[in-house]
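Written below as structure tokens is the structure these notes are about.
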Amino acid sequence: MLATIYTGETLWPGQLGHAFILISFLSCLFTAFSYYKDTKQPDQGWKNIARGGWYLHAFSVFGILATIFSLMSLKMYEYKYVQEHVSDDLPYEYIFSAFWEGQEGSFLLWMFWHVILGIILIRKNYKIESFMMPIFVLVQAFIASMILGIYVGFGESMVKIGSNPLLLLRDTMNIPLFQNPDYLSLIEGRGLNPLLQNYWNVIHPPTLFLGFASVTVPFSFVLGGFWKKDLKSWVEPVLNWALFSACILGTGILMGSAWAYVALSFGGYWAWDPVENMSLVPWIILVGGLHTNIIAKVTGRAIKSTYFMYALSFVMILYSTFLTRSGVLGETSAHAFTEMGLEWQLVAFVLFFGLLSKLIFLANHKHVPKLANEESIYSREFWMYIGSIVLLFSAVIIAASTSLPVVNLIGKYFDPTYIGRVIDEPITHFNKYQLWIACFVSVLSSGALWMRYKAFGWEKQRKKFAISFMVLLAISVLICYLMSFWISYFEPRYAILTTLAIFGVLANLYVLFPKNWKSTKALASATSHLGFGVMVIGTIASGLNEGVISTNPFAMKGLMEDDELGKVVGLIKGEPMFCNGYWITYESDTITDRYRYFDINFRQVDNQNNTVDEFNVEPHVLFSNDLRKIASINPSTKHYIHKDIFTNIRSLPESQIDVEKAQAAEDSLKYKEHILSIGDTVNFKNCYGVLETINYTPSNKNYSKEDHELGVQVNMKFHPTLKDSLKEEDKNKIYPVDPALGLAENLVYTYPVTIDQLGVKVKVEDTFFADVFTVDGELKYQSFEIPQGGSFEFGDYNVSFTNVIKDPTHKNYQFEEGDLPIGANLIITHKDGTLNRTVTPLYIIRNSIPFTVKEYLPQEGIHIRFANIDPTTGKFTFKIASDSRDNIQIPLLIAEGVPRTDVIYLEAKVFPGINLFWLGSILMMLGFILAIMARKKAKS
Amino acid sequence: MVVAAIAIFITASGDVSTYASFGDAAISQGKVKIVGELDREFPVHYDPDTDPNIFRFHMVDNNGESKKVIVGMPKPQDFEKSEQVVVTGKMKDDTFVASEVLTKCPSKYKDEELSLRSDS
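So the sequence lines, in the order shown, correspond to chains G and S. Numbers 1 to 940, taken from the working numbering, label the letters of the first sequence in order. Numbers 1 to 120, taken from the working numbering, label the letters of the second sequence in order.
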């Protein structure tokens with residue numbers, strides 16, 4: 001077999017990139033090994049060698065990134081990853097999004113952050129560096145193995161390790177196209193999924209992956225610390241890292257939820273989707289770990305718990321990576337993930353570090369010093385510890401429920417008859433438990449701050465504590481009651497949670513009062529903790545009280561259960577609809593680029609129909625890269641301080657969704673042919689139409705003059721006869737239509753017109769084109785021989801020949817070297833003065849052979865040629881002909897009962913108090929930053 | 001602590017059930033989840049002009065039984081292309097009334113031919 005020699009491929013970047021990949025993996029192993037040597041033989045230079053290994057690793061990772069980015073920017077489609085994620089029309093700012101759209105790219109993003117964090121760790125020169133870094137580096141080695149793309153013999157079979165992002169397209173699929181040596185010039189990129197062409201996808205993944213990567217740091221600290229049997233020196237420095245990690249990971253999760261709410265059609269900011277859950281679980285455990293870490297720092301207790309929390313938090317990151325990237329969640333998640341075929345490698349990743357944590361713990365936990373006395377239940381650390389346990393509980397419940405598909409999979413593996421189980425109502429299920437956890441957290445995160453470490457001065461404080469507690473609780477009950485005029489609680493448990501959340505906010509403010517707020521440290525914890533309370537209140541307000549505006553007052557009831565009134569209302573363009581205190585009007589739609597925006601007006605009125613408030617929203621749809629169908633529907637939200645009004649298009653008429661459906665809708669119409677002359681009338685069930693005129697300069701809204709060589713348009717007017725279904729102002733309207741035909745590159749295109757109000761669609765049969773524009777061969781030309789300055793009569797027209805011009809231009813003529821073109825300026829006038837036009841037909845000699853380029857007046861149907869020059873007589877010959885348009889019969893295709901195309905199906909919801917959710921969440925994150933700042937200050 | 005964990009486990013197990021069949025749904029009082037496939041013998045019916053909040057289709061459960069399903073929400077995009085359908089709801093007479101429907105669509109690029117340049 002002969003190997004095909006391909007043209008246009010550039011192979012060396014792929015080879016270079018793959019070399020970088022191999023180096024990045026090997027350098028990890030080398031670095032880990034060198035650190036390990038240093039732990040055995042300290043001060044023999046192994047540490048510096050190890051550091052060098054990491055810098056080599058950093059270099060190779062940057063090399064991989066640079067290679068892939070270059071390939072993507074240069075649109076080198078011979079590479080599979082490039083072909084799958086970019087396209088020629090992809091805007092440059094989305095190259096990053098395209099890079100991490102695939103699994104390989106997102107692993108690289110994760111590696112990139114590890115590289116940066118690793119360098120910072122080395123620079124910090126921690127005492128336990130040589131014990132901590134091997135752990136950190138091994139994590140990186142595992143991730144690097146995910147993009148290795150090598151096959152290893154494993155008994156009989158070959159095992160694939162990693163998926164190489166630099167594979168050639170032709171090596172990954174076996175199709176006949178690759179027998180063509182020039183295949184590269186034929187293929188184009190698939191481009192980035194339109195759903196991801198969004199600025200959120202530029203900022204959310206890097207933040208989230210920095211969060212993921214940063215969780216590796218506390219993990220490495222605790223494992224390294226235990227391994228070294230050093231149970232002290234890391235307790236202090238790890239805290240900053242954990243704070244940083246909690247802040248970034250938390251921000252990354254919030255960005256995801258903001259993205260879902262603002263730009264995607266999820267219709268909310270949190271849905272207990274498995275993917276959301278599994279990013280939250282490590283964060284909650286990490287926050288629990290932060291608290292045990294602080295206890296360990298202040299009192300020397302809870303060191304084992306800190307180890308456990310930080311280790312588990314990291315293992316949960318790996319577990320969530322496994323769940324979201326292996327396809328296990330398939331049935332239960334709205335997030336779609338492509339499978340990579342590396343499930344077992346991911347399992348090995350989780351198990352390795354899970355077992356490693358366990359082993360290091362078992363080997364060293366007995367070295368943790370035991371403190372003699374029990375901690376007092378009046379101490380702050382006691383309640384902080386309880387708080388951490390509650391957080392851990394919360395995470396375990398979420399993780400366990402989310403893992404149900406894994407349980408099912410294991411069950412089926414051991415017992416093929418095992419029937420998988422599912423959670424009936426996930427949202428109810430999760431809320432049920434997290435509600436009480438939030439209650440506990442609200443109280444613990446406020447009350448505990450009033451206590452002192454080691455129960456210092458409790459005896460004196462006791463009475464004040466009890467009184468403040470009761471007073472604040474009473475105030476909280478009162479505020480909760482007052483809030484019931486704004487939001488409903490429905491069930492007592494929600495009122496309890498709201499009360500406790502308010503209590504949490506007040507108690508934390510009380511901590512800062514009167515002068516504690518000057519201490520950044522106190523401010524930090526109070527900010528995070530009161531942020532939690534605010535977030536909970538925001539969740540109750542916006543989640544529990546989410547209200548639907550778009551219920552249709554005229555909808556039929558009874559089909560569905562009574563309490564489930566439809567949430568979507570159909571809006572006809574220009575017709576206001578009254579829903580729950582709002583007049584909603586679909587005013588217009590505009591198409592720009594790949595978006596179609598729907599401009600919708602909301603006018604809120606009081607009982608007397610006076611306008612209270614008015615605003616416009618613009619929900620829109622995004623078409624796929626090839627413009628053949630709608631790829632995504634994006635909501636639009638009107639923000640107020642106290643509420644959001646969220647609007648989203650839930651459906652459009654079939655014909656508006658994609659090209660195939662539009663064709664199917666067109667095919668289902670029953671057209672009838674009507675052959676009409678100007679002035680004729682034709683009757684329909686609910687109207688009659690009159691053919692008014694024909695014109696040769698179409699102005700149909702879909703027709704563009706630039707794209708067509710010739711066009712013809714028919715103008716008709718429709719008068720309604722059956723007016724029952726029409727609105728008052730439409731009853732006496734006359735509806736003009738202007739269907740057109742256009743010629744482009746020898747093809748005739750039809751431009752039909754629909755009258756939505758009457759359900760009538762009109763198009764001109766394309767055979768009509770040849771009737772009005774006679775083919776040149778069938779024209780009967782008349783010849784006239786005249787001198788310059790002469791003229792002749794043709795029918796009702798007078799043609800006068802004014803002068804000859806050199807170097808003439810003509811839209812159908814392209815000058816070639818050696819051509820001798822001559823133009824004749826002719827003035828054509830009509831007897832009744834309706835026409836006075838100068839035209840310039842051409843007479844050209846090319847290679848001693850003459851030919852002519854004609855002028856054509858489409859409106860009048862006149863063709864003129866400059867046929868000959870007789871140098872001997874000095875006379876010029878012109879040929880003139882006209883289209884045979886006497887007694888024109890226009891064949892029209894007209895369908896009745898056409899479904900409306902000017903309807904949208906809109907959902908509009910109110911989220912009261914949603915800003916409290918965002919404010920609370922941001923305060924929580926701000927608290928982490930303040931804590932880092934406070935610790936910086938304390939150090940200096 | 002352990003007691004709390006066990007208590008949660010017991011209450012939580014009440015939230016969990018297996019996928020039901022139409023047969024189970026007919027006997028059951030509460031809401032059930034049924035997994036199956038779209039029955040392509042029958043058309044998917046969605047007429048938003050009449051009511052945008054309802055669409056109907058026929059579905060075959062894993063026992064091979066086909067039943068009419070009414071869902072109280074707009075028809076999801078590409079519903080006709082779904083490989084697997086999961087509905088949550090209950091039986092009413094001979095029709096399954098669903099409050100929720102989840103579909104699993106073939107992955108975006110599966111079996112898709114390479115797209116060739118249109119200009120060549």
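All C-beta atoms in this analysis are idealised placements derived from N, C-alpha and C, irrespective of residue type, glycine included.
| Query | Result |
| --- | --- |
| Meets three-Cβ-pair contact criterion under 8 Å: the stretch 450-470 of chain G and the stretch 485-497 of chain G | no |
| CB contact check: residue 67 of chain S to chain G, cutoff 8 Å | no |
| 8 Å Cβ cutoff, residue 74 of chain S in contact with chain G | yes |
| Chain-ordered residues of the stretch 90-107 of chain S with a beta carbon less than 7 Å from chain G | 97, 99, 104, 107 |
| For residue 149 of chain G, the residue or residues it bridges with in DSSP | Paired residue(s): none; residue 149 of chain G is not in a bridge. |
| Residue of G/609, G/430, G/350, G/617 minimising C-alpha distance to residue 15 of chain S | G/430 |
| Contact the stretch 143-154 of chain G vs the stretch 36-51 of chain G: 3+ CB pairs below 8 Å | no |
| Short Cβ contact (8 Å threshold) for residue 427 of chain G with residue 912 of chain G | no |
| Cut-off 7 Å between Cβ atoms - residues of its own chain near residue 947 of chain G, not counting five sequence neighbours on either side | Since the first residue of chain G shown is 1 and the last is 940, residue 947 of chain G is not available in this structure. |
| 8 Å Cβ shell around residue 453 of chain G - same chain, five flanking residues per side excluded | 298, 299, 379, 380, 381 |
| Terminal residues of the alpha helix (DSSP H) in which residue 509 of chain G lies | 492-512 |
| Beta-carbon proximity of residue 353 of chain G to residue 308 of chain G, cut-off 8 Å | no |
| Selection of the stretch 51-67 of chain S by Cβ proximity to chain G, strictly under 7 Å | 51, 52, 53, 54 |
| Interface flag, residue 424 of chain G vs chain S, CB-CB below 8 Å | yes |
| Same chain only: Cβ atoms within 8 Å of residue 888 of chain G, ignoring 5 sequence neighbours per side | 677, 678, 694, 771, 772 |
| Residue-level contact to chain G via CB, residue 77 of chain S, 8 Å cutoff | yes |
| For residue 519 of chain G, the nearest candidate out of G/938, G/98, G/79 (CA to CA) | G/938 |
| Residue-level contact to chain G via CB, residue 10 of chain S, 8 Å cutoff | no |
| Under the three-state DSSP convention, the category residue 715 of chain G falls into | strand |
| Option nearest residue 626 of chain G by Cα separation, candidates G/751, G/394, G/88, G/639 | G/88 |
| Cβ contact (3+ pairs, closer than 8 Å) linking the stretch 23-39 of chain G and the stretch 58-78 of chain G | yes |
| Contacts around residue 507 of chain G, its chain only, beta-carbon distance under 6 Å, and the 5 residues preceding and following it disregarded | 446, 472 |
| Nearest-angstrom Cβ-Cβ length linking residue 214 of chain G and residue 245 of chain G, presumed shorter than 8 Å | 4 Å |
| Same chain, Cβ closer than 7 Å to residue 904 of chain G, neighbours up to 5 away in sequence not counted | 571, 586, 598, 649, 652 |
| Distance, residue 703 of chain G Cα to residue 347 of chain G Cα | 58 Å |
| Span separating the alpha-carbon of residue 569 of chain G from that of residue 204 of chain G | 33 Å |
| Member of S/95, S/7, S/39, S/18 whose CA lies at the smallest distance from the CA of residue 79 of chain S | S/39 |
| Beta-bridge partners of residue 583 of chain G, as assigned by DSSP | G/578, G/603 |
| Inter-residue Cα distance where the pair is residue 111 of chain G and residue 752 of chain G | 56 Å |
| Whole-Å CB distance - residue 132 of chain G paired with residue 200 of chain G, under 8 Å assumed | Contact flag wrong, Cβ pair sits at about 34 Å. |
| Inter-residue Cα distance where the pair is residue 686 of chain G and residue 661 of chain G | 27 Å |
| Where residue 72 of chain S sits in the DSSP three-state scheme | coil |
| Straight-line gap, residue 79 of chain G to residue 167 of chain G (C-alpha atoms, nearest Å) | 6 Å |
| Residue 322 of chain G to residue 350 of chain G span [Cα, whole Å] | 8 Å |
| Selection from S/8, S/25, S/7 that minimises the alpha carbon distance to residue 91 of chain S | S/25 |
| Status (buried if at least 16 other CB within 10 Å, exposed otherwise) for residue 83 of chain G | buried |
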